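> Residue 267 in this note's numbering sits at position 161 of the sequence shown, and the numbers go up by one each step.
Ideal placement from N, C-alpha and C gives every residue a C-beta, glycine not left out.
The structure displayed is predicted, hence computed values, not measured ones.
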Amino acid sequence: MRKLYRQTFLLASILLVSGCATTATPPSASAPVPPTTIEAVGQLTKAIPFPRGYLDPAALPNSLTLLPPPPAPGTAAKAADEEAYRAALAAPADRQVLAASDADLGWPHMVQSFEPIAGLSLSDGSHPHLTMLLRRAVADAALSTYRAKNQYQRVRPFVENDGNTCRPQDEPMLRKDGSYPSGHTAIGWMLALVLTDVMPDKQDALLKRGYEFGESRVICRAHWLSDTLAGRVVASATYARLQSDPVFRAQRELARQELAASH
Numbered sequence: 107m108r109k110l111y112r113q114t115f116l117l118a119s120i121l122l123v124s125g126c127a128t129t130a131t132p133p134s135a136s137a138p139v140p141p142t143t144i145e146a147v148g149q150l151t152k153a154i155p156f157p158r159g160y161l162d163p164a165a166l167p168n169s170l171t172l173l174p175p176p177p178a179p180g181t182a183a184k185a186a187d188e189e190a191y192r193a194a195l196a197a198p199a200d201r202q203v204l205a206a207s208d209a210d211l212g213w214p215h216m217v218q219s220f221e222p223i224a225g226l227s228l229s230d231g232s233h234p235h236l237t238m239l240l241r242r243a244v245a246d247a248a249l250s251t252y253r254a255k256n257q258y259q260r261v262r263p264f265v266e267n268d269g270n271t272c273r274p275q276d277e278p279m280l281r282k283d284g285s286y287p288s289g290h291t292a293i294g295w296m297l298a299l300v301l302t303d304v305m306p307d308k309q310d311a312l313l314k315r316g317y318e319f320g321e322s323r324v325i326c327r328a329h330w331l332s333d334t335l336a337g338r339v340v341a342s343a344t345y346a347r348l349q350s351d352p353v354f355r356a357q358r359e360l361a362r363q364e365l366a367a368s369h
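So, in structure tokens, the structure goes:
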């Protein structure tokens, strides 16, 4: 049951991005070079020291339209959620540690687990266009989850089960933030999609790490399984939308050039 439900959502994610493979096209000589600093891009909010995304808020995918409502009690999908919650309680200690690490969305921590696969630092300033490409795309993915989050205000599994998470310091905030879809999962999947775009030879390992990033939210008991599956769909829809953004495309090409020059 759980496997079938997961496969259905993953198929939706794959279909959303299946047409997004692109041929490298150098930016026009007359086109402005995309900025690589938060000062030039603008900060997401005063409280969040992260650059703004590429997309105007009105152009973000509408997660409320895109996604079905969260699973209702008594449905097969809700049963799969509950099964996954019980399995998370028995997760090995090392997997719990990884889940706690993945819960930290501070920069540059969020990309550190991808760096061994990429074979380079994604945050030390050596590849400024790649770094900004990741950060701005992640901002778009996270923001795209909020129409559904705010509408449904789904109760998180650790709250419904009177339990705890793998990262107690986050719990007061999580209690006030809707569970569906998972923003953490959208972020991890977006990181994997963008990195796969510029490092296609490492796609399997990158996508596996991106999948695990979202799976960590179930292990952490901060999200239901269906929250994470929906988060990947939202990230995939956002990634598809970015393909038509000229600044994203220009910065992606410059990131590819940075990578080529470093090898």
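Taking only three categories from DSSP, how would you classify Gln309?
One-based indexing of the sequence shown puts residue 309 at position 203. Helix at Gln309.
> Round the Cβ separation of His290 and Arg323 to the nearest angstrom and send it over; I've been treating them as touching at under 8 Å.
Here the question's residue 290 lines up with position 184 in the sequence shown. Here the question's residue 323 lines up with position 217 in the sequence shown. Going by Cβ atoms, the distance from His290 to Arg323 rounds to 5 Å, so yes, they are a contact pair.
> Within the same chain, show all residues whose beta-carbon is closer than 7 Å to that of Ser227, passing over the 5 residues directly before and after it, in chain order.
The residue given as residue 227 occupies position 121 in the sequence shown. Glu221, listed in sequence order.
> Taking the alpha-carbon positions, what's the Ala182 to Leu173 distance?
Numbered from its first residue, the sequence shown carries residue 182 at position 76. Numbered from its first residue, the sequence shown carries residue 173 at position 67. The alpha-carbon atoms of Ala182 and Leu173 are separated by roughly 17 Å.
> Apart from the five residues just before and just after Gln309, which ones in its own chain have a Cβ nearer than 8 Å to its Cβ?
Indexing the sequence shown from 1 puts residue 309 at position 203. Thr302.
> Can you tell me the Cα-Cα spacing of Arg273 and Ala336, whole angstroms?
Within the sequence shown, residue 273 is the residue found at index 167, counting from 1. Within the sequence shown, residue 336 is the residue found at index 230, counting from 1. Whole-angstrom Cα-Cα distance: 22 Å.
> Measuring CB to CB, does Gln259 end up less than 7 Å from Leu170?
Start at 1 with the first residue of the sequence shown, and residue 259 comes out as number 153. Start at 1 with the first residue of the sequence shown, and residue 170 comes out as number 64. The answer is no: Cβ separation not under 7 Å.
> Using 8 Å for Cβ pairs, my map puts Val217 next to Leu240. What's the rounded Cβ distance?
One-based indexing of the sequence shown puts residue 217 at position 111. One-based indexing of the sequence shown puts residue 240 at position 134. Between Leu240 and Val217 the Cβ distance is about 7 Å, and since that is below 8 Å, they are a contact.
> Please classify Thr151 as buried or exposed, where buried requires at least 16 neighbouring CB atoms within 10 angstroms.
As a working mapping, residue 151 is identified with position 45 in the sequence shown. Thr151 should be labelled exposed.
> Who are the Cβ neighbours of Met305 in its own chain at under 8 Å, not counting the five residues just before and after it?
Your numbering for residue 305 matches position 199 in the sequence shown. Excluding positions up to five away in sequence, the list reads Ala224, Leu312 and Leu365.
> In the DSSP assignment, the alpha helix (DSSP H) including Val217 goes from what residue to what residue?
Translated into the one-based positions of the sequence shown, residue 217 becomes position 111. Element bounds for Val217: His215 to Gln218.
> Could you spell out the range, first to last residue, of the alpha helix (DSSP H) harbouring Asp303?
Stepping through the sequence shown from its first residue, residue 303 is reached at position 197. Note, Asp303: alpha helix (DSSP H), Gly289 to Val304.
> Please classify Gln363: does DSSP put it in a helix, a strand, or coil?
Mapped onto the sequence shown, residue 363 falls at position 257. Helix.
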